[in-house]
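Visitor: First to last, the sequence lines map onto chains A and B. Residues are numbered in the numbering used here as their position in the first sequence, beginning at 1, plus a constant of 259. Residues are numbered in the numbering used here as their position in the second sequence, beginning at 1, plus a constant of 259. The C-beta atom is built at its ideal place from N, Cα and C for all residues, glycine as well. Structure in structure tokens, see below.
Protein chains: 2
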Amino acid sequence: MDVTIYEVARRAGVSIATVSRALRGTGPVAPKTREKVLKAVEELRFTPSRLGVSLAEGRHAANGIVFPNLAGPYYTEVLLGYEEVASELGRSVVILSTKGRSRVHDLVKDLAGRVDGLMVFGHTVPDDLVAELVRMRMPLVFVSREPLPGADTLRSENTTSARALAEHLLGHGYRRFTFLGAPIATGDDVDERWQGVRSVLGTAIEAVPTEHYTVEYGYQAAKTLLRAPARPEAIVCSDDEVALGALLAAEELGLAVPDELAVTGWDDIMAARHARPALTTIRQPMRELGARAARALDELITGARDTPNHLVLTTELVLRASCGHHPQEEPK
Amino acid sequence: MDVTIYEVARRAGVSIATVSRALRGTGPVAPKTREKVLKAVEELRFTPSRLGVSLAEGRHAANGIVFPNLAGPYYTEVLLGYEEVASELGRSVVILSTKGRSRVHDLVKDLAGRVDGLMVFGHTVPDDLVAELVRMRMPLVFVSREPLPGADTLRSENTTSARALAEHLLGHGYRRFTFLGAPIATGDDVDERWQGVRSVLGTAIEAVPTEHYTVEYGYQAAKTLLRAPARPEAIVCSDDEVALGALLAAEELGLAVPDELAVTGWDDIMAARHARPALTTIRQPMRELGARAARALDELITGARDTPNHLVLTTELVLRASCGHHPQEEPK
DNA sequence: TGCCTTTCTGTAAGCGCTTACACAACTGAT
DNA sequence: ATCAGTTGTGTAAGCGCTTACAGAAAGGCA
């Protein structure tokens, strides 16, 4: 930064405190004095240093967000909602992806040093570091994670919608099911979805893992599954990406969806809508999730609230062609 | 921040300069002294303040990125590539979306105060502000924008691939074309695509605008177009989202793609691959774009280079079912 | 005119860290 | 033992900004 507040003060013939007051409106400044200051600011094209302001104020006016990675539309949509609200609240957004990164501790610590609060996806920050951030009284909002003492959590509803999905599939007459994309951790989103469908389908459904929740891994696992002698009538997938992989496998093996095999997803990402057949899925209010997280974090940062909230946003069963024929087909 | 370097120094019985040297490895420190310092750091759980470090060093160790918005997978993929390389280079990433925002000047200025350099998509930052950032010697890399003096630009190739696409469509035997999603600005990416196809197809193709480059607007424009008496044989779309909209319109009007109408896109986003028929498109190396931008910016920030570069990354024609039948169908 | 109140302004002390420079201590060679 | 060179350490000056507090100036009223 070239120009400092000292040069502005010199040019305007006032003290730096007066420059600060004139620019920030934090105290009385005579109209004539203000004019002199603003004139000097314009002539010198002065912009206050973000660093100086933050250090002196003791606040960053920025929010952090930690996610596994951006691959997959789910995270993007949440980020979009988050960034929009953060910006409205006058905060910058600093992002960090942790997947495949070494030194996650250092990365998160560095991030924490730049922001006034953090939104964290699931378990992307190690638990010991979470404990330390809590100890440091860093405002935290967790998304897609089971309730955690001392921090806000925010997630989409899984169990009820999973049950509704399972019941809908029973209504189509299917009797043999596979849950593709077995949960990795107890209590996370996918585990809740699994528990939900299993509570309805019981022993009629078994879980098959995919190493990751991606199209490619979903495709591989589905191809193996569909080549086996005892094929399910319907595959309930952990998420839309795995479901898209299952659709590809079915297509390749010449299985007609939904006539020979039904497939469902979760999330309602763009590609789910444009696949053919279009995927039946559960719509997650992803942008709303991000927006709500940013608002919750604001409350914690400003001290408007200091007791943790645990929010669950409703999800919605979206019927499309992939699970079977419906009397009145979805328009889009 | 609770613990400062002064408390560490007091606990270790050394000066703050020694603490700094021991932690940063910037000068000689006796082994015994280093141990004392590290012990104090551990006991007090000291983390250096990012603000203090940045102010004293005169550098942020962070990169900024300005984009219109995150809606649409293109920007996300670029961001992903950017963030990955930035992190490898030890930098945080601060994001800003400008679409629909008031006070863009202030937002960009604030962002500039937090980072060592900026990557900017196209024209998302007003030209007068760009000029000011250049004057301030803020390192800048522009993506998807015509070459600009004094700053790096980086874009994907448009014209050659557009010509290859047009020639491929001619090879299918089509003779009446529409370019859906007319360029908004001369010289931008879509304009180059339009110029490319027009240089091959001449008066056989006309441009039809869509208000925005989104699925919804593409759908509306395509529906209007396909209802008119003189229907094109092939629609060349500005990008994949508009093309997905055109596919929806064709489906709704009962037009078989590609038998009755061919459709092509641009970008090769996920949904383009999963649509049915799968979209013929031009693959943009979006992650590579982001990664290269981060590297170029690093060179500018570190002073490894001070003359602007203008890079063009190659794109690739991806043949799928939407433009017609090919002797050997694409596997996926 | 004098007193009181309000408005305005400047000084100094931080916020947390880095590091140039001066000096001390140590080591090795003569 | 002395000298020269190297290693190690502390002090002080910043980096850029905010603001509490003290004092000055201005205005209004008796």
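Closest Cβ-Cβ distance between residue 534(B) and chain A: below 8 Å?
Guide: Output row for residue 534(B): interface = yes.
Visitor: Cutting at 6 Å between CB atoms, please list the residues of its own chain near residue 323(B), excluding the five before and the five after it.
Guide: Counting only Cβ-Cβ distances below 6 Å, and skipping sequence neighbours, we find 353, 370, 374, 377.
Visitor: Report the partner residues of residue 376(A) according to the DSSP bridge assignment.
Guide: Answer by DSSP bridge pairing, in chain order: 322(A).
Visitor: Can you determine whether any heavy atom of the ligand ZN sits closer than 7 Å to the C-beta of residue 356(B), and answer yes or no?
Guide: The ligand ZN is absent from the structure shown, which contains no ligands of any kind.
Visitor: For residue 487(A) and residue 447(B), what's the separation of their Cα atoms in angstroms?
Guide: Each residue's Cα considered, the two are about 51 Å apart.
Visitor: Could you compute how far the alpha carbon of residue 539(B) sits from the alpha carbon of residue 530(B)?
Guide: Rounded to whole angstroms, residue 539(B) to residue 530(B) spans 12 Å at the Cα level.
Visitor: Excluding the 5 residues flanking residue 547(A) on each side, which residues of the same chain have their C-beta closer than 8 Å to its C-beta?
Guide: Result list for residue 547(A): 340, 572, in chain order.
Visitor: What are the complete beta strand (DSSP E) segments, minimum 3 residues, inside the region 290–360 of chain B?
Guide: Entirely contained in the region 290–360 of chain B, the beta strand (DSSP E) runs reaching 3 residues are, in chain order, 321–326, 351–356.
Visitor: What's the C-alpha gap between residue 580(B) and residue 533(B)?
Guide: Rounded to the nearest angstrom, the two C-alpha atoms are 11 Å apart.
Visitor: What is the rounded straight-line gap between the Cα of residue 438(B) and the Cα of residue 444(B)?
Guide: Cα to Cα, the separation comes out at about 15 Å.
Visitor: How would you write the range of the alpha helix (DSSP H) that residue 431(A) sits in, first residue to last?
Guide: Segment 418–431, the alpha helix (DSSP H) holding residue 431(A).
Visitor: So, does the region 550–565 of chain B touch the region 343–359 of chain B, judging by three or more C-beta pairs under 8 Å?
Guide: Yes: at least three Cβ pairs fall under 8 Å.
Visitor: Rounded to whole angstroms, what is the Cα-Cα separation between residue 381(B) and residue 313(B)?
Guide: Their Cα atoms are separated by approximately 29 Å.
Visitor: Just reading off the beta strand (DSSP E) that residue 577(B) is part of, what are its end residues?
Guide: Start and end: 575–577.
Visitor: I'd like to know whether the C-beta of residue 267(B) is nearer than 8 Å to at least one C-beta of chain A.
Guide: It does not; no Cβ of chain A falls within 8 Å.
Visitor: Under 7 Å Cβ to Cβ from residue 288(A), same chain only, skipping five residues before and after it: list those, please.
Guide: So the qualifying residues of the chain are 277, 280, 281.
Visitor: Where does residue 319(A) land, buried or exposed, given buried means 16+ other C-beta within 10 angstroms?
Guide: Classification of residue 319(A): buried, given that the 10 Å Cβ count is 16 or more.
Visitor: Under a CB-based cut-off of 8 Å, is residue 497(B) close to chain A?
Guide: Cβ-Cβ to chain A under 8 Å: no for residue 497(B).
Visitor: Under a Cβ-count criterion, where at least 16 other Cβ atoms within 10 Å of its own Cβ denotes burial, should residue 577(B) be classed as buried or exposed?
Guide: Buried.
Visitor: For the region 451–476 of chain B, enumerate the residues whose C-beta is nearer than 8 Å to any C-beta of chain A, in chain order.
Guide: The region 451–476 of chain B vs chain A, Cβ under 8 Å: 474.
Visitor: Take the Cβ of residue 565(B) as the centre, count every other Cβ of all protein chains shown within 10 Å, and call the residue buried at 16 or more, exposed below.
Guide: Per the 10 Å Cβ criterion, exposed.
Visitor: Do the region 469–487 of chain B and the region 502–519 of chain B make contact, defined as three or more Cβ pairs closer than 8 Å?
Guide: A contact exists between the region 469–487 of chain B and the region 502–519 of chain B.
Visitor: Determine the extent of the beta strand (DSSP E) in which residue 412(B) is found, giving its start and end residues.
Guide: Segment 411–415, the beta strand (DSSP E) holding residue 412(B).
Visitor: Looking only at its own chain, which residues have a Cβ that is under 6 Å from the Cβ of residue 337(A), when we skip the five neighbours before and after it?
Guide: These residues qualify, in order along the chain: 545, 548, 549.
Visitor: Can you look up residue 273(A) in the DSSP assignment and give me helix, strand or coil?
Guide: Here residue 273(A) sits in coil by DSSP.
Visitor: Exposed or buried, residue 521(A), counting other C-beta atoms within 10 Å across all chains shown (16 or more means buried)?
Guide: By the 10 Å Cβ count, residue 521(A) comes out buried.
Visitor: Take residue 498(A) and list the residues in its own chain whose beta-carbon comes closer than 7 Å to its own, dropping the five residues that flank it on each side.
Guide: Once the five neighbours on either side are set aside, the close Cβ partners of residue 498(A) are 440, 472, 524, 525, 526.
Visitor: Do residue 559(B) and residue 398(B) have their C-beta atoms within less than 8 Å of each other?
Guide: Going by C-beta atoms, residue 559(B) is nearer than 8 Å to residue 398(B).
Visitor: Per DSSP, what kind of secondary structure is residue 495(A) in: helix, strand or coil?
Guide: Here residue 495(A) sits in strand by DSSP.
Visitor: For residue 513(B), would you say it is in contact with chain A, using Cβ-to-Cβ distances shorter than 8 Å as the test?
Guide: Cβ-Cβ to chain A under 8 Å: no for residue 513(B).
Visitor: Between which residues of its own chain and residue 431(A) is the CB-CB distance below 7 Å, once the five residues before and five after are set aside?
Guide: Taken in chain order, the residues that qualify are 521, 582, 583.
Visitor: Any C-beta of chain A sitting closer than 8 Å to the C-beta of residue 332(B)?
Guide: Yes, residue 332(B) lies at the interface with chain A (some Cβ there is under 8 Å from its Cβ).
Visitor: With DSSP as the reference, label residue 505(A) as helix, strand or coil.
Guide: Residue 505(A): helix per DSSP, three-state reduction.
Visitor: Using a beta-carbon distance below 8 Å, is residue 434(A) in contact with chain B?
Guide: Not one chain B Cβ lies under 8 Å of residue 434(A).
Visitor: Are the C-beta atoms of residue 368(B) and some chain A residue less than 8 Å apart?
Guide: By this cut-off, residue 368(B) is an interface position.
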